[in-house]
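Below is one structure, written out as structure tokens; the observations come after it.
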Amino acid sequence: MKKLLSILLCAVMIFSLTPAGTTYAAGSWPSNTSIEADGGILIDADSGTVLYSKNIHNTYYPASITKILTAYIIINHCDLDDTVTFTHSAVNTLEPGSSILGARVGDKMSVRDCLYALLLQSANEVANALAEHCSGSVEAFAELMNEEAKKLGCVDSNFANPSGLNNPNHYTSAHDMSLIAKAAFSDPTFLEIDKTLYYDVPAGQLQQYPDGWRYYMHHRMMKKNDSLYYSGIIGGKTGYTSLAGNTLVTCAERDGLKLIAVVLNGHQTHYSDTKTLLDFGFENFKSVLIADEDSTYQKIEQDLAIGGISFGETTKLSVDATSAITLPKNGEFSDVTSTLDYALDETAPDSAVARIDYMYGDRVVGQAYLEASIVPGYTLKEVSQ
2 MKKLLSILLC AVMIFSLTPA GTTYAAGSWP SNTSIEADGG ILIDADSGTV
52 LYSKNIHNTY YPASITKILT AYIIINHCDL DDTVTFTHSA VNTLEPGSSI
102 LGARVGDKMS VRDCLYALLL QSANEVANAL AEHCSGSVEA FAELMNEEAK
152 KLGCVDSNFA NPSGLNNPNH YTSAHDMSLI AKAAFSDPTF LEIDKTLYYD
202 VPAGQLQQYP DGWRYYMHHR MMKKNDSLYY SGIIGGKTGY TSLAGNTLVT
252 CAERDGLKLI AVVLNGHQTH YSDTKTLLDF GFENFKSVLI ADEDSTYQKI
302 EQDLAIGGIS FGETTKLSVD ATSAITLPKN GEFSDVTSTL DYALDETAPD
352 SAVARIDYMY GDRVVGQAYL EASIVPGYTL KEVSQ
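Each residue of the sequence shown is one higher than the one before, counting from 2 in our numbering.
So this is what it looks like as structure tokens:
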């Protein structure tokens, strides 16, 4: 039935669908900013719209922002109440001077506690232990990382370990990291952990700290008592190695606009670059709910009825109420054009019959699925000649 509905819609739309709103020439896209880091990107976390880009498909070493992908995979593949046991290989195969929690061979922690140590303390032995717990070995987990990254749409990356420590075969791009961060920050468990400013290791878990230990989030822009504090930040991850330079991923939200900034190969400018990107985004763009503006699906229903196709009074076509597009502050929905794509992939909702792509000029500013309610059957009415 879903396939039949798509075919019927396609036939009707070829002759009758007009773009969303009357087509006007879209205004210019804001571009009055720049960063010092070698690579960077700013996206709307809801629509995925790229608001700023610099060398977004160039590859760089990510350092510890790798752990965003590691945490995302662990959350979606493991029971958070399971116990992780630290092995010799997890604890004793790290570069000298790398960030650690202080776990020793034989220590045991829950997956949940490990995730806090991974994202806040950036603990590298914890990354190894989680990888071994999930996949049996760091190497097998790296294969899973690449599989998951590909599913998220990554095209420039190769991951060789769960921590981000130096490896010539471990690299990513600003484009790919924005997709990984978009997925992670849409996960409520990830967000709950990553927005935490400090966490206490319970007593009795670590041999080195039998009475427990507190560790703190590294991202300075999240701390209200820090000179770099930035209002609206809801999470992020820092990274640094001698080869990667400073890397930083940040998610912030103000006035209904949720942004993700990625900075790669920064040179002690990662925080100022991130502030520049976020300021640019919040000052120049807005998020618009599609369902509040687009009546395309109503036009389709009318055309189906005119064409003699009836699905019953209970059948409705609608756009997801949470889907949004991103526009310049002075832009209007009437500036946007839309097209329908019936070739849906496996990530589409079961009720979807088409995907609507929204364009502002030549730029994609959002997507939404056109969804049908339960279809009990259909009839073809006689149409007078």
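Note that CB positions come from ideal geometry on N, CA and C, so glycine has one too.
In this structure residue 131 is buried. Its beta-carbon is surrounded by 16 or more other beta-carbon atoms within 10 angstroms.
Exclusion of the five residues before and after residue 107 leaves 86, 87 and 208 as the residues of its chain whose Cβ lies within less than 8 Å of its Cβ.
With fewer than 16 other Cβ atoms inside 10 Å of its own Cβ, residue 269 counts as exposed.
Membership of residue 110 in the beta strand (DSSP E) is indicated by the continuous run 109 to 111.
Only residues of its own chain outside the window of five on either side were considered, and among them 37 have a CB closer than 8 Å to the CB of residue 273, listed in chain order.
Runs of the beta strand (DSSP E) lying entirely within the segment 157 to 231 and spanning at least 3 residues, in chain order: 199 to 202 and 214 to 217. Assigned with DSSP and collapsed to three states, residue 317 falls in coil, not helix or strand.
Here the C-alpha atom of residue 333 lies approximately 12 Å from the C-alpha atom of residue 291.
Bounds of the beta strand (DSSP E) holding residue 40 are 40 to 45.
In this chain, the beta strand (DSSP E) harbouring residue 288 covers 286 to 290. Between the segment 333 to 349 and the segment 53 to 66, the count of Cβ pairs shorter than 8 Å is below three; the stretches do not touch.
Remark: C-beta atoms of residue 153 and residue 177 approach each other more closely than 9 Å. Distance from the Cα of residue 289 is smallest, within the candidate group 161, 282, 328 and 56, for 328. With respect to the 9 Å criterion, residue 216 and residue 222 are not classified as neighbours on the basis of their beta carbons.
Boundaries of the alpha helix (DSSP H) harbouring residue 90: 89 to 92, taken from the DSSP string.
Counting along the chain, residue 136 sits inside the alpha helix (DSSP H) bounded by residues 125 to 136. Beta bridge pairing from DSSP links residue 355 with 371.
Rounded to whole angstroms, the gap between the alpha carbons of residue 52 and residue 42 is 8 Å. Rounded to whole angstroms, residue 350 and residue 32 show a C-alpha spacing of 35 Å.
The beta carbon of residue 160 is closer than 8 Å to those of 67, 70, 143, 146, 147, 150, 171 and 173 in its chain, skipping five residues each way along the sequence. Within a 10 Å sphere around the beta-carbon of residue 92 sit 16 or more other beta-carbons, which makes this residue buried. Of the candidates 89, 367 and 372, the residue whose Cα lies closest to the Cα of residue 45 is 367.
Going by beta carbons, residue 362 and residue 240 fall outside the 9 Å limit. Just so you know, the alpha carbons of residue 90 and residue 278 end up roughly 40 Å apart. With contacts defined by Cβ atoms closer than 9 Å, residue 81 and residue 112 form a contacting pair. In the DSSP assignment, residue 360 forms a beta bridge with 338 and 365. Burial is judged here by how many other beta carbons sit within 10 angstroms of a residue's own beta carbon; residue 344 has fewer than 16 and is exposed. Where residue 247 is concerned, the enclosing beta strand (DSSP E) starts and stops at 246 to 255.
Only residues of its own chain outside the window of five on either side were considered, and among them 258, 328 and 330 have a CB closer than 7 Å to the CB of residue 287, listed in chain order. In the structure shown, residue 325 falls within a strand segment according to DSSP collapsed to helix, strand and coil.
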